[in-house]
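Participant: Residue numbers for the sequence shown follow the working numbering, beginning at 298 and rising by one. Note that the Cβ used here is the ideal one computed from N, Cα and C, for glycine as well. My questions all concern the structure below.
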Amino acid sequence: MELVYSTLVVAHFIGLAAIVGPFLVQMRKNGDFAIAAVFGGAITQLVSGLLLVGVAEMGDGDLNHIKIGVKLVIALLVFVAALLGWLRARKSGNDRSIKKFFHAAGGLALINVVLAVFW
Ligand code: HEM
């Protein structure tokens with residue numbers, strides 16, 4: 298189980314990088330956002346996070362459920378922002394109109410990092 302948990306933590310960090318990396322690199326841009334990477338990262342965070350909770354609960358996991366609940370709500374908002382941005386980029390082009398979704402997803406993910414570490 299230890300190996301499964303560690304593998305999920307690695308996936309959780311890769312998903313985090315896929316959201317925050319493009320955001321930090323492209324936050325000043327006005328088009329051609331890596332919104333597909335952010336969307337993939339958002340899915341990865343939801344799936345790996347929920348599986349981490351499941352595996353922790355099977356063991357002696359002593360999770361802070363309020364913290365997990367708040368992180369889940371924020372991760373869902375990240376997912377919705379990334380999904381809307383990704384859909385719009387496919388339909389009407391990856392232009393300045395994607396910026397608000399890109400920034401919402403990146404900014405909220407950063408809030409989740411701070412919550413994960415400091416709470
Ligand atoms: C954008 C979304 C998310 C980000 C940026 C994020 C970020 C992080 C970070 C940085 C850590 C490592 C913290 C540490 O080891 O001190 C972590 C751990 C963890 N996250 Fe997330 N997370 C996200 C979504 C979620 C979701 C949706 C869940 C579950 C519903 C979740 C559950 C967990 C769990 C169980 C751990 C392991 C805690 C531990 O072993 O100490 N995360 N997350």
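#1: Report the rounded CA-to-CA distance for F398 versus A379, giving the unit in angstroms.
#2: Might you give, ordered along the chain, the residues of its own chain that have their beta carbon closer than 6 Å to the beta carbon of Q323, omitting 5 neighbours on each side?
#3: Rounded to the nearest angstrom, what separates L360 and I332 at their Cα positions?
#4: Using 8 Å for Cβ pairs, my map puts G351 next to G312. What's the rounded Cβ distance?
#5: Note down the Cα distance separating G318 from V335, rounded to an integer number of angstroms.
#6: Just checking V410 against the ligand HEM - is the residue's beta carbon closer than 7 Å to any of the ligand's heavy atoms?
#7: Tell me, to the nearest whole angstrom, how far the beta carbon of K368 is from that of L407; I am working on the premise that it is less than 8 Å.
#8: Considering only their Cβ atoms, is the gap separating S345 from A314 smaller than 8 Å?
#9: Which residue comes first and which comes last in the alpha helix (DSSP H) that contains A315?
Facilitator: Here's the rundown:
#1: 6 Å
#2: F330
#3: Between the alpha carbons of L360 and I332 lies a gap of roughly 31 Å.
#4: With 8 Å as the limit, G351 and G312 do not qualify as a contact, their Cβ atoms being about 16 Å apart.
#5: 9 Å
#6: yes
#7: Incorrect: roughly 13 Å between the Cβ atoms, too far for contact.
#8: No. Outside cutoff.
#9: Residues E299 to Q323.
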